[in-house]
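Report on the structure given below.
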Amino acid sequence: MNWQELISLSIVGMTLILIIKSEIRKYRLRKTNPCGGDCNCTALKIDRLNPDKM
Amino acid sequence: MNTSEEIISRNIAIIGNPNSGKSTIFNSLTGLRQKVANYPGVTVEKKEGIVKFKDGSLAILIDLPGTYSLTANAPDEKIVKDILLGRKTDIDPFDLIICVVDASNLERNLYLVSQIIDLKLPVIMALNMIDVAEKSGMTINVNKLSEELGILIIPTVGNKHRGIEALKAAANRRANYSKKARQWKLPIVLEEECIELKNLLQIHSWTEAVAFHDAVTLLSSPYYLEEQKDLLPEEIVEHVLQDHNRLNILGMDCQSEIVEARYEWIKSICGSAVIFNRNTGKSLSDRVDNIMTHKFWGFLIFLSIMTIIFQAIFTWALIPMDLISKGFDSLGILITRILPKGELQDLIVNGALSGVSAVVTFLPQILFLFFFIGLLEDTGYMARAAFIMDRLMSKVGLHGKSFIPMLSSFACAIPGIMATRTIENRKDRLVTMLVSPLMSCSARLPIYVLMIAAFIPKKSILGIISLPGITLVSMYLLGLFTALGMAWIFKKTLLKSDTPVFIMELPPYKLPSLKSIVLQMWEKGSLFLKRAGTIILGVSIILWFLSTYPKKENFSPSVQLEQSFVGRIGHFVEPLIRPLGFDWKIGIGLISSMLQREVFVSTMGTIYNVKDSDKGESTISLGQHMKEDIDPVSGHPVFTVLTAICLMVYYVLAMQCMSTIAIMKRETNGWKWPLFQFCYMTALAYCVTLIVYHVGLFLI
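In order, the protein sequence lines correspond to chains A and B. Numbered according to the numbering used here, the first sequence terminates at residue 54, and the numbering increases by one at each position without gaps. Numbered according to the numbering used here, the second sequence terminates at residue 1700, and the numbering increases by one at each position without gaps.
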């Protein structure tokens, strides 16, 4: 394995870790944010539609 | 923020009808940026800012959603009601309410004011758009109006910052309760029932003002009784039911009686405080609307505007697109000169750079799209578009209010789905959420443009309209009409309910604010670039790895790609997509773009650069690469005009967006509806593409 391949594979590995970390972060934000998005906003809690009650 | 929290002593709310200029006043008072659009219901979320008064004191200003009354039932309007009635325990009570009133629609706006006065809340009124009222021939005696209502009134012109300082100064004073007792009176029988119920509620520890509001609402709305049934004492529920029966026997329509009584009073106030010097002729805005909202001409103008916009997106954006593309090419050449040939050079040039450049090239088109959307919103045309579409919407069982989330979905389905919170009927709301992602969002634009630019002949029809422009409009219309068709099916089957009546306000036309349009373009453009620099860069790097490994010595790049991880995945899904005219490379694009649609373009960029890396043609465009790709089995080109059309049709109809699925899950409180949406959209995309492909083959 030459130096170029070593650096390339390290970049790929780091990218994979960063993508997974960012998806986990987004998932957590979506769970905790009242608006349901991953935007960090502080929207009001809006009564969610529950179609099963229809 | 932490240091200022110690001296923030007051909590102020700003309330008003939709389109009363509430958000503009909010911006002027706080200096916060916020989008101001011309169609109703734009303010769905809580927005707050800090107001700084001249004496240095601070107050929190909360922008409440726009509402016409406190008896409305849409989710965002219910919030306003609950907050004002003190039923939202997580919101502190307000020290003051600024009620923004559109002076040119005074009577209708005073309805909400009268309800707030009845609640005995501390209120001041911002009589906004006073210039528009004066232009339409109204002379308002502010002192007289203030005396009649018993509250302080400040005339303002929000968009010209007139009256804002006076409003601030007034908001800094305390004790702004209306000193007048309720002046509007109900018919005697209803009045007696109301007072009796109010007294009963007070016995059950309701405050006097809230008891009166609830008594009026409970008598007038069986829906409200149904909603509050579990929260009300048994005695009250029985009393209200008896009242309903008694009033029914008397043939009294309580809701109409209460609305009429309020309006009677409002009319008498306006009669004494407002002079109409109106000339009998129609205003310019009304005259323009006669054509713009005409059954036939209105729709034709709507289609023409859409065609011009997409035509412009295509032609005007070409020059900056070409510049960006050349910039990336030069960067690639520079890197190949600096770095010796090897994996790292390949990763940077053929992986990261080609993937990112394939998407970033479309930035000018995204900016143009948002420029036009902003322009249409700001001039007031969007409201007309919703009005025109209401005719079509009512045919499928929805109303114009559902078109607003669908319009937002042209930019992105996420705000579109969130905007459905303005729809009262739960089933209508769900239908709108299910069909909104069918509208062509900005993430689909790069795919359309890539396919159209490469495969649709640059011919013009009648010498003016270009075929590429028409194709682009067709994709947007396909999404729109499929959404309407699916809404009709859902309303007839899964989510049956009556077609609601839609009353819509058409705001006057106005000159657009270049600042807010540029701001919107900046926000969307930077979001697009942020995506290109994060998720698309990341996916391009991973895709480079998957398309380069496992390494086989002495293999040509094309064979190497076929043998790579990604090649194997592509070949695995190929039997499924072959009937649609797609090969394994497109299959890779379809899988990778499940995350975000525009990833398809970067995937194609990476795959074709890796595949053709032996040719040394780094400056050749992605479209050209795709055009020249020959299927080794059949000897025919992989991409034809038909393949390009099929691919666009697939992307119009397929649910290729994880974020939309996530927001659907949040908004519907479960996985049932997002999964249903994903399945029906994917099945629809597959079937329609299959039909288009085979009909196309038959015709060709």
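All C-beta atoms in this analysis are idealised placements derived from N, C-alpha and C, irrespective of residue type, glycine included.
#### Entry: Inter-residue spacing [alpha-carbon to alpha-carbon] between B/Pro1122 and B/Gly1397
42 Å
**Prompt:** What residues in its chain sit with their C-beta under 7 Å from that of B/Ile1079, if we drop five residues either side in the sequence?
**Reply:** Pro1065
If you drop the 5 nearest sequence neighbours on each side, which residues of the same chain put their C-beta closer than 8 Å to that of B/Lys1458?
Ser1466, Leu1467, Pro1468
Kindly indicate which three-state DSSP category B/Cys1679 falls into: helix, strand or coil?
helix
message = Looking only at its chain, what residues have a beta carbon closer than 8 Å to the beta carbon of B/Ile1116, apart from the 5 residues adjacent to it on each side?
response = Ile1015, Leu1070, Leu1084, Ile1097, Cys1099, Val1123
- [ ] Starting from B/Glu1343, find everything on chain A with Cβ-Cβ shorter than 7 Å and list it in chain order.
- [x] Gln4, Glu5, Ser8
Under the three-state reduction of DSSP, which class applies to B/Thr1071: helix, strand or coil? coil
ask   = Shortest alpha-carbon distance to B/Ala1273 belongs to which of B/Ile1691, B/Leu1480, B/Glu1107?
value = B/Glu1107
For this session: Name, please, each residue of chain A whose Cβ falls closer than 7 Å to the Cβ of B/Gly1538.
Result: Thr15, Leu18, Ile19
Taking 9 Å as the CB-CB limit, is A/Ile24 close to chain B? no
Residue environment, B/Asn1290, which counts as buried when at least 16 other CB atoms sit within 10 Å: exposed
- First and last residue of the beta strand (DSSP E) that includes B/Ala1126? 1123-1128
Worksheet item: Any beta-carbon of chain A closer than 9 Å to the one on B/Ile1535?
Response: yes
Can you tell me where the beta strand (DSSP E) with B/Ala1059 in it begins and where it stops? 1058-1063
Checklist entry - Of the choices B/Leu1472, B/Asn1199, B/Met1439, whose alpha-carbon is the least far from that of B/Ile1308? => result B/Leu1472
_For B/Asp1092, would you say it is in contact with chain A, using Cβ-to-Cβ distances shorter than 9 Å as the test?_
no
Item to check | Interface residues of the region 1130-1155 of chain B facing chain A [CB-CB below 7 Å] | outcome: none
* Contacts that B/Leu1347 makes with chain A (C-beta to C-beta distance below 7 Å) -> Ser8, Ile11
| said: Could you tell me the alpha carbon to alpha carbon distance between B/Glu1523 and B/Pro1512, rounded to whole angstroms? | reply: 18 Å
### Message
Between B/Val1566 and chain A, is the shortest Cβ-Cβ distance under 9 Å, so that the two count as touching?
### Response
no
*Is the Cβ of B/Ile1404 closer than 9 Å to any Cβ of chain A?*
no
Subject >> Beta-carbon contacts of B/Pro1233 that lie in its chain and below 6 Å, excluding the five residues immediately before and after >> reply: His1204
Cβ contact (3+ pairs, closer than 8 Å) linking the region 1446-1455 of chain B and the region 1683-1700 of chain B | no
- Task: Evaluate contact between the region 1330-1350 of chain B and the region 1433-1443 of chain B, counting only Cβ atoms and requiring at least three cross-stretch pairs below 8 Å.
- Result: no
For this session: Using a cut-off of 7 Å between C-beta atoms, extract the partners of B/Phe1545 located in chain A.
Result: Val12
*Using the Cα positions of B/Arg1162 and A/Leu18, report the straight-line distance between them to the nearest angstrom.*
50 Å
Item to check | Segment limits, beta strand (DSSP E) that includes B/Cys1099 | outcome: 1096-1102
Note to self: Our contact map puts B/Ile1236 next to B/Leu1200 with C-beta atoms below 8 Å; I'd like the distance itself, whole angstroms only.
What the structure shows: 6 Å
At least one CB of chain A closer than 9 Å to the CB of B/Ile1098: is that the case? no
Quick check on DSSP: helix, strand or coil for B/Ala1013?
strand
Review point. Is B/Thr1156 helix, strand or coil by DSSP?
Key: coil
Alpha carbons only, please: which of B/Pro1340, B/Met1252, B/Ser1497 is nearest the one belonging to A/Asn2?
B/Pro1340
**OP:** Mark B/His1399 as exposed unless 16 or more other C-beta atoms lie within 10 angstroms of its C-beta, in which case mark it buried.
**Re:** buried
Identify, in the order they occur along the chain, each residue of the same chain with its Cβ nearer than 8 Å to the Cβ of B/Ser1460, setting aside the five sequence neighbours on each side.
Ser1466, Leu1467
(request) Pick out whichever of B/Val1157, B/Leu1445, B/Cys1254, B/Phe1678 has its Cα sitting closest to the Cα of B/Gln1656. (result) B/Phe1678
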